[in-house]
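Participant: Mind looking over this structure? Questions follow.
There are 2 protein chains.
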Amino acid sequence: MQDQRDSILACACDLYLSDGFAGLSMRKLAKEVGVTAPALYRYYDGREAVLADLVRQAHRVFLDYLRRGLEAPTPVDRFLSAGEGYIDFALEHPRWYAIMFSGSERLGMDAIPDDIQSMGLAIHQFWNDRVNECMRTGVLKEGDPEGVGLTLWAHSHGMVQLYQQGRLNTDEAGFRRLMKASGARLFGGLMNDDYAARLAELAAEESAVLSGVGAASETDGVKG
Amino acid sequence: MQDQRDSILACACDLYLSDGFAGLSMRKLAKEVGVTAPALYRYYDGREAVLADLVRQAHRVFLDYLRRGLEAPTPVDRFLSAGEGYIDFALEHPRWYAIMFSGSERLGMDAIPDDIQSMGLAIHQFWNDRVNECMRTGVLKEGDPEGVGLTLWAHSHGMVQLYQQGRLNTDEAGFRRLMKASGARLFGGLMNDDYAARLAELAAEESAVLSGVGAASETDGVKG
DNA sequence: GTCTATAATCCGATAGAC
DNA sequence: GTCTATCGGATTATAGAC
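One line per chain: the protein sequences are A and B, in this order. For what it's worth, our numbering labels the leading residue of the first sequence as 1, then goes sequentially. For what it's worth, our numbering labels the leading residue of the second sequence as 1001, then goes sequentially.
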């Protein structure tokens, strides 16, 4: 039954999330589910298949996080929300993030199944869409959207990895600050100058007055 | 004897580099060295200790790569050479790169030994030094040098990781192109505008004439 | 210092009874 | 569909003879 597969997968998530990668064995998994090991093979071909489903699950949740801010009013808001979703996911589910970005070798598979690769592409595409929007409305400088998306993605991914490996000597709050500063630095260099100037103006206004002017200032695009 | 430790480490490198992470067992290692497994425990406390030495070795080689271009004439040349060294190392020794940036959990250790953390800090410092130089001579915009160093590092690290996990769907040559383009995009946004303009001029001159003017144009800093 | 032998675990996967 | 029992293999690490 599909019910059993679901509960096996749920237990596999728990096990992986608590004991990590090597901690996920068919025996332990069976004990967690409440059956014996051989029973698992009725639902999954083997450990590989369980792992693959875990990776699928991670991709699904990740995409949910990314899409969380999709109803934001402007392209740049949607972009920033997606970025926040990215970081939230990475920080709230470090092990899922880790398993998503584990190569096939580390997963003990010959190759990543096609459907998982597709999910990866969907994420890539989502990211590029956010960039495209920002470029069309003149927030970002004109240029190769895929390239810009890659630059931004690599930066986020690298930041997360360095933090998760303990190379940044800071806690989560500190990392969020670092991430925000670094992201602003990067994004600032990719923005159109006139938009950057307008942004600076707005920031100055906001710090002087205390009002909510910022929200509607973008749909009347600067360039597009 | 130290000789034996050295030859064990050398064999451990071979084994790890050919068979990967899980392929490095004390038994296989012993067979490779030409002794039996228990003999290894005279020189290493266990598998952990061998791995730690591997990580040390990787750090040493990595620093060599970074320092390769240290005799370049100008700060920005030294920066670019270090960046090339970074990419060369990652591409020529992917497994060493991988083991360097493996968290303690994946290495099966409770914590990264202090001396290894120090080596990591040295690399971080080297990177920041390159940034500092470029900032002092006015190539890079004024700002937090550590922050800028982190932004650049995260970007490089992220690019390498995405490539090595097969997310970029390209070969090594293609990756080098992507990396160069993305690096230029990032670096361009962090440069001083007047320097960027001067760089554009130089590029124009260079494409028109065929001469070697570029080298001496930097020590007379634009700003510093 | 190195060996043989072995302890003590763990693993994935399967055969066959029920 | 689930069980018991088991195969066949791996691993780290240690005890004790030489």
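Cβ atoms here follow ideal geometry from the backbone N, Cα and C, with glycine treated the same way.
1) When burial is assigned at 16 or more other CB atoms within 10 Å of the CB, is glycine 1212 of chain B buried or exposed?
2) Mind pulling the chain B residues with CB within less than 8 Å of alanine 10 of chain A?
3) When you compare the CB of phenylalanine 1101 of chain B with every CB in chain A, is at least one pair closer than 7 Å?
4) Taking the alpha-carbon positions, what's the glycine 103 of chain A to methionine 1159 of chain B distance?
5) Taking only the alpha-carbon atoms, compute the straight-line gap between glutamate 138 of chain A and proline 38 of chain A and give it to the nearest angstrom.
6) Might you give, ordered along the chain, the residues of its own chain that have their beta carbon closer than 6 Å to the beta carbon of phenylalanine 89 of chain A, omitting 5 neighbours on each side?
7) DSSP three-state label for methionine 191 of chain A, please.
8) Verify the CB distance criterion: does alanine 181 of chain A have a CB-CB separation below 7 Å to chain B?
9) Do the CB positions of glutamate 1032 of chain B and cysteine 1013 of chain B come within less than 7 Å of each other?
10) Kindly list the residues whose CB is nearer than 8 Å to the CB of serine 1007 of chain B, restricted to its own chain and excluding five residues on each side of it in sequence; keep chain order.
11) Any residues in the region 1126-1150 of chain B with a beta carbon nearer than 8 Å to a beta carbon of chain A? Which ones, in chain order?
12) Can you check whether the C-beta of cysteine 1013 of chain B is within less than 7 Å of a C-beta belonging to chain A?
13) Run the CB neighbour count on threonine 1219 of chain B, radius 10 Å, all protein chains shown included, and call it buried at 16 or more, exposed below.
14) Name, in chain order, the residues that DSSP records as bridge partners for leucine 140 of chain A.
15) For chain B, is any of its Cβ atoms less than 7 Å away from the one on leucine 54 of chain A?
16) Could you name the residues of the same chain whose beta carbon sits closer than 7 Å to that of glycine 149 of chain A, not counting the 5 residues immediately before and after it, in chain order?
17) Excluding five sequence neighbours on each side, which residues of the same chain lie with their C-beta closer than 8 Å to the C-beta of aspartate 115 of chain A?
18) Does the distance from the C-beta atom of aspartate 53 of chain A to that of leucine 9 of chain A stay below 7 Å?
19) Output yes if chain B places a C-beta closer than 7 Å to the C-beta of leucine 66 of chain A; else output no.
20) For chain B, is any of its Cβ atoms less than 7 Å away from the one on histidine 93 of chain A?
21) Just the C-alpha distance for leucine 190 of chain A and glutamate 1105 of chain B, rounded to the nearest angstrom, thanks.
22) Between the Cα of glutamate 48 of chain A and those of A:Gly69, A:Ala30, A:Arg68 and A:Ser25, spot the shortest distance and give me the residue it belongs to.
23) Which value, in whole angstroms, describes the spacing of the CA atoms of valine 222 of chain A and aspartate 194 of chain A?
24) Could you check whether the Cβ of methionine 159 of chain A sits closer than 7 Å to any Cβ belonging to chain B?
25) Would you decide whether lysine 141 of chain A is buried or exposed? Buried here means 16 or more other CB atoms lie within 10 Å of its CB.
26) In three-state DSSP terms, what is glutamine 1165 of chain B?
27) Which word fits arginine 1042 of chain B, buried or exposed, when buried means at least 16 other C-beta atoms lie within 10 angstroms of its C-beta?
28) So, using beta-carbon positions, are glutamate 1146 of chain B and proline 1075 of chain B closer together than 7 Å?
29) Distance check for threonine 36 of chain A and glutamate 1084 of chain B, CA to CA, integer angstroms please.
30) Starting from leucine 1178 of chain B, find everything on chain A with Cβ-Cβ shorter than 8 Å and list it in chain order.
31) Quick check on alanine 197 of chain A - is its C-beta less than 7 Å from some C-beta in chain B?
32) Decide if serine 81 of chain A is buried, meaning its Cβ has at least 16 other Cβ atoms within 10 Å, or exposed.
33) What's the call for serine 1018 of chain B, buried or exposed, on a 16-neighbour Cβ count within 10 Å?
34) Can you look up valine 1055 of chain B in the DSSP assignment and give me helix, strand or coil?
35) Let me know the secondary structure DSSP gives alanine 22 of chain A once reduced to three states.
36) With H, G and I counted as helix, E and B as strand and the rest as coil, what does DSSP make of arginine 68 of chain A?
Facilitator: Reading it off the structure:
1) Within the second sequence, numbered from 1, the residue matching residue 1212 of chain B stands at position 212. Because glycine 1212 of chain B carries a pLDDT of 45, less than 50, the predicted location of this residue cannot be relied on, and the following value inherits that uncertainty. The residue in question, glycine 1212 of chain B, is exposed, as its Cβ has fewer than 16 Cβ neighbours within 10 Å.
2) Your numbering for residue 10 of chain A matches position 10 in the first sequence. Per Cβ cutoff of 8 Å: no residues; alanine 10 of chain A is ~23 Å from chain B at best.
3) Residue numbering aside, residue 1101 of chain B sits at position 101 when the second sequence is read from its first letter. Yes - at least one Cβ of chain A is within 7 Å of the one on phenylalanine 1101 of chain B.
4) Start at 1 with the first residue of the first sequence, and residue 103 of chain A comes out as number 103. Start at 1 with the first residue of the second sequence, and residue 1159 of chain B comes out as number 159. Roughly 14 Å separates the two Cα atoms.
5) Counting from one through the first sequence, the residue named residue 138 of chain A turns up at place 138. Counting from one through the first sequence, the residue named residue 38 of chain A turns up at place 38. Reading the sequence as shown, one finds glycine at residue 138 of chain A and not glutamate. Roughly 59 Å between the two C-alpha positions.
6) As a first step, residue 89 of chain A is located in the first sequence; it is residue number 89 there, counting from the start. These residues qualify, in order along the chain: Phe62 and Tyr65.
7) Counting from one through the first sequence, the residue named residue 191 of chain A turns up at place 191. Methionine 191 of chain A: strand per DSSP, three-state reduction.
8) One-based indexing of the first sequence puts residue 181 of chain A at position 181. Output row for alanine 181 of chain A: interface = yes.
9) Locating residue 1032 of chain B in the second sequence gives position 32, counting from the first residue. Locating residue 1013 of chain B in the second sequence gives position 13, counting from the first residue. No. Outside cutoff.
10) Locating residue 1007 of chain B in the second sequence gives position 7, counting from the first residue. Closer than 8 Å at the Cβ level, and outside the excluded window around serine 1007 of chain B, lie Val1033.
11) Gly1143, Asp1144, Gly1147, Val1148 and Leu1150
12) Residue mapping note: residue 1013 of chain B aligns to position 13 of the second sequence, counting from 1. No, its Cβ sits nowhere closer than 7 Å to a Cβ of chain A.
13) Numbered from its first residue, the second sequence carries residue 1219 of chain B at position 219. In this prediction, threonine 1219 of chain B scores a pLDDT of 41, lower than 50, which makes its location untrustworthy; no coordinate-derived value is stated.
14) Numbered from 1 along the first sequence, position 140 holds the residue referred to as residue 140 of chain A. DSSP, once it has assigned bridges, lists A:Met191 as partnering leucine 140 of chain A.
15) Within the first sequence, the letter at position 54 stands for residue 54 of chain A. With 7 Å as the cut-off, leucine 54 of chain A does not count as an interface residue toward chain B.
16) Residue mapping note: residue 149 of chain A aligns to position 149 of the first sequence, counting from 1. Counting only Cβ-Cβ distances below 7 Å, and skipping sequence neighbours, we find Trp127, Asn128 and Val131.
17) Here residue 115 of chain A refers to the residue found at position 115 when the first sequence is read from its first residue. Correct list, in chain order: Arg56.
18) The residue given as residue 53 of chain A occupies position 53 in the first sequence. The residue given as residue 9 of chain A occupies position 9 in the first sequence. Result yes, Cβ atoms of aspartate 53 of chain A and leucine 9 of chain A sit closer than 7 Å.
19) The sequence position of residue 66 of chain A within the first sequence is 66, counting from 1. Closer than 7 Å: no.
20) Here residue 93 of chain A is taken as the residue at index 93 of the first sequence, counted from 1. No, histidine 93 of chain A lies away from the interface with chain B (no Cβ there is under 7 Å from its Cβ).
21) Position 190 of the first sequence, counted from the start, is the residue given in the question as residue 190 of chain A. Position 105 of the second sequence, counted from the start, is the residue given in the question as residue 1105 of chain B. Taking the straight line joining both Cα atoms gives about 36 Å.
22) As a first step, residue 48 of chain A must be located in the first sequence, where it is residue number 48. Per the Cα distances, A:Ser25.
23) By 1-based counting over the first sequence, the position of residue 222 of chain A is 222. By 1-based counting over the first sequence, the position of residue 194 of chain A is 194. Below a pLDDT of 50, predicted positions are generally treated as unreliable, and valine 222 of chain A, at 39, falls in that range; no measurement from the model is reported.
24) Taking the first sequence and counting its residues from 1, one reaches residue 159 of chain A at position 159. Interface residue, yes.
25) Numbered from 1 along the first sequence, position 141 holds the residue referred to as residue 141 of chain A. Buried.
26) Position 165 of the second sequence, counted from the first residue, corresponds to residue 1165 of chain B. The answer is coil: DSSP assigns glutamine 1165 of chain B none of H, G, I, E or B.
27) One-based indexing of the second sequence puts residue 1042 of chain B at position 42. It counts as exposed.
28) Position 146 of the second sequence, counted from the start, is the residue given in the question as residue 1146 of chain B. Position 75 of the second sequence, counted from the start, is the residue given in the question as residue 1075 of chain B. No, Cβ-Cβ distance for glutamate 1146 of chain B and proline 1075 of chain B is not below 7 Å.
29) Against the second sequence, residue 1084 of chain B aligns to sequence position 84. Against the first sequence, residue 36 of chain A aligns to sequence position 36. So the alpha carbons of these two residues sit roughly 53 Å apart.
30) Your numbering for residue 1178 of chain B matches position 178 in the second sequence. Ordered by position in chain A, the residues that pass the 8 Å Cβ test against leucine 1178 of chain B are Gly147 and Leu150.
31) Position 197 of the first sequence, counted from the first residue, corresponds to residue 197 of chain A. Cβ-Cβ to chain B under 7 Å: no for alanine 197 of chain A.
32) For the purposes of this step, residue 81 of chain A is identified with residue 81 of the first sequence, where counting begins at 1. Burial call: buried.
33) For the purposes of this step, residue 1018 of chain B is identified with residue 18 of the second sequence, where counting begins at 1. Burial call: exposed.
34) What you label residue 1055 of chain B is simply residue 55 of the second sequence in a count that begins at 1. Valine 1055 of chain B: helix per DSSP, three-state reduction.
35) Taking the first residue of the first sequence as position 1, residue 22 of chain A is located at position 22. Of the three classes helix, strand and coil, the one that applies to alanine 22 of chain A here is coil, per DSSP.
36) Within the first sequence, residue 68 of chain A is the residue found at index 68, counting from 1. Coil at arginine 68 of chain A, not helix or strand.
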